[in-house]
Structures are given as C-alpha cells and as structure tokens.
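Working notes for the structure below.
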Amino acid sequence: MIDLTGRRALVTGAGQGIGSGIAITLARAGADVVVHHRGSDPGSTVSAIESFGRRALAVRADLTDSAQADRLVAEAAAFLGGIDIVVNNAGHLVGRSAVPETSDAHWDAVQEINGSSAFYVSRAAVPWLEASTAGRIVMMSSLAAENGGGAGAVAYATSKAAVIGLARGLAKELAPRGITVNAVAPGFIEGTAFHDTFTPDAARAGIIAGIPLGRAGTVDDVAGVVAFLASDLASFVTGQVIDINGGVHFR
Numbered sequence: 026m027i028d029l030t031g032r033r034a035l036v037t038g039a040g041q042g043i044g045s046g047i048a049i050t051l052a053r054a055g056a057d058v059v060v061h062h063r064g065s066d067p068g069s070t071v072s073a074i075e076s077f078g079r080r081a082l083a084v085r086a087d088l089t090d091s092a093q094a095d096r097l098v099a100e101a102a103a104f105l106g107g108i109d110i111v112v113n114n115a116g117h118l119v120g121r122s123a124v125p126e127t128s129d130a131h132w133d134a135v136q137e138i139n140g141s142s143a144f145y146v147s148r149a150a151v152p153w154l155e156a157s158t159a160g161r162i163v164m165m166s167s168l169a170a171e172n173g174g175g176a177g178a179v180a181y182a183t184s185k186a187a188v189i190g191l192a193r194g195l196a197k198e199l200a201p202r203g204i205t206v207n208a209v210a211p212g213f214i215e216g217t218a219f220h221d222t223f224t225p226d227a228a229r230a231g232i233i234a235g236i237p238l239g240r241a242g243t244v245d246d247v248a249g250v251v252a253f254l255a256s257d258l259a260s261f262v263t264g265q266v267i268d269i270n271g272g273v274h275f276r
C-alpha cells in the first residue's frame, strides 16, 4: 500500500479533473496538499482532502507568469512547512487549430500553459525539494506527445513532448540533489472537462473502440500512478515516462 503519511504536496491544476483526483489520492495516502487552481472552483477538492483528516489550502495563480508561480510555491511551502512532492498537472489544449490558421498568440499560449508553467513551478520548488528527504516531481505529459494528438492539436502535442524533455533533463540535473523527476502520459481519460469540451461524442466512441483494454481511462487510473511515483516505492525511479493509455501505445 502506498503510504505518504506526513508528506507535503503541491498539485497544480487541481481544482477539477485529473488534478483534483491526484490531490485527493495523495491525501488519502496521508499527504497534506496545496491545491492550485486558476479558474475552476477548488472547493470540492479541498473538502475531500480534509475529509481524510489532512490539511489543504487552495491557491489561485496564473502559472504562465513566473512571478505568480514563485508566489504559489512560496505560499505552499509556508502553509505546509516545506514541500516534498510537486505534481505539475496544470495544462490546456486551449483550442483546436489547424496549422495554417494557428496564430503566434495561440502557439505561445499553449506552450506557456503546458511547458513554461511546469518549468517555473519546478524551478521555484527545487530548494524545498532538496531540503526534503524524498523530493519528487511528477510531470503531466500526454499520449499526444507520442502520436501527434487529434485534429488541430499540433501546438498541444508539441508542448506535451517538451514536457517529456523537461522531465528527463531535470531528472539528470536534480538526481545529485536527491530529487526524482518523472512524467506520466495519459491517453483517453473519460469524465474530464478536457474531453467534455474538445472531444465530440462520435469521436469518443471511435477512440474507445481503438483501446486494446476495451474501455476509457479514469481519473483514478492516472492518480494511482502519480501516487506511486510520489512514494518511497519509486525512490529509484527517475527520468521515466509512464504511459497510461490502455495499450494504445507502447514506449
């Protein structure tokens, strides 16, 4: 059983969806959690964390702004008394756009929310993670980084591939400091605002039909893997990308 008793976690993009599921799963395993959000309502996530007898704090920030990322990490460390675990889950497709119609502003926005935000938070958290006895960073990539994503998702696929490069580069640099860095790459995860917004029902049926395990993934499928990577069970695992896609892609 995964035991995170006494661990202090910061989860970005945790007001809803996969991020919320991760934050709640970490709390169920014993961690206190700071719940970052930007526009979603984090109330239910905070309440769920507290129902396990764990401490929770919601902090709003725009992580495409490095100053706000610095503030988030500082507030998290102050509330928790340090940081042991950082889960860089914040991200967004922003919108589907064919390459000829993709503006510079759209391209930049997608790279910033998926890639730059993870870098800013990780950079700010390094001193706290180094002071921990079990510093962990988990990045959120995507199956799109491997297969190019769906229609109009070139910017998103590129940004999620960059997240994998960021995870592997940080893993090499931070290993001597006792910090592990890994990434997860979910495939089709049902019941999230992402797919409710960007994946039509007809497309969902086709996607699920192509999954060898015969079903869509769930938030819990992702959260369980993240909890493993954040735990002592994964203390010798770093620089890895774990695919969570039901057999659609093998690394």
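Heads up, the sequence shown is in our numbering, so the first residue is 26 and it goes up one at a time.
C-beta: ideal position from N, C-alpha, C; glycine also.
These figures come from a predicted structure and were not determined experimentally.
Query                                                                                                                      : Result
Three CB pairs or more closer than 8 Å across the region 110 to 130 and the region 65 to 84                                : no
Touch test, the region 177 to 186 against the region 224 to 244, Cβ-Cβ under 8 Å, three pairs minimum                      : no
Residue from A52, L118, A150 and I138 whose Cα sits closest to the Cα of T217                                              : L118
Touching by the beta-carbon criterion (3+ pairs, under 8 Å), the region 238 to 246 and the region 204 to 215               : yes
Beta bridge counterpart(s) of M164 as assigned by DSSP                                                                     : N113 and A208
DSSP bridge partner residues for G242 (one or two, in chain order)                                                         : I214
Length of the line joining the Cα atoms of L191 and D95                                                                    : 18 Å
CA nearest to the CA of P225, picked from G175, D87 and A92                                                                : G175
Cβ neighbour criterion (16 or more within 10 Å) applied to G194                                                            : exposed
C-beta contact flag for G68 and A248 at 8 Å                                                                                : no
Beta-carbon gap between S72 and Q41 smaller than 8 Å                                                                       : no
Three-state secondary structure (DSSP) of D268                                                                             : strand
Assigned secondary structure, H274 (DSSP; H/G/I helix, E/B strand, else coil)                                              : coil
Sub-8 Å separation of S256 and L29 beta-carbons                                                                            : yes
Sequence-distant residues of its chain with Cβ nearer than 6 Å to G177 (five each side left out)                           : R121, S122 and A123
Beta-carbon contacts of L105 that lie in its chain and below 7 Å, excluding the five residues immediately before and after : R33, D57 and V59
Other residues of its chain near G272: CB distance less than 6 Å, five sequence neighbours each side excluded              : P237 and L238
Alpha helix (DSSP H) segments (min. 4 residues) lying fully within the region 87 to 161                                    : 91 to 105, 129 to 136 and 142 to 156
Assumed close pair G264, G203 - CB separation to whole angstroms, cut-off 8 Å                                              : Contact doesn't hold; Cβ gap of about 14 Å is too wide.
Endpoints, the beta strand (DSSP E) within which L82 is located                                                            : A81 to R85
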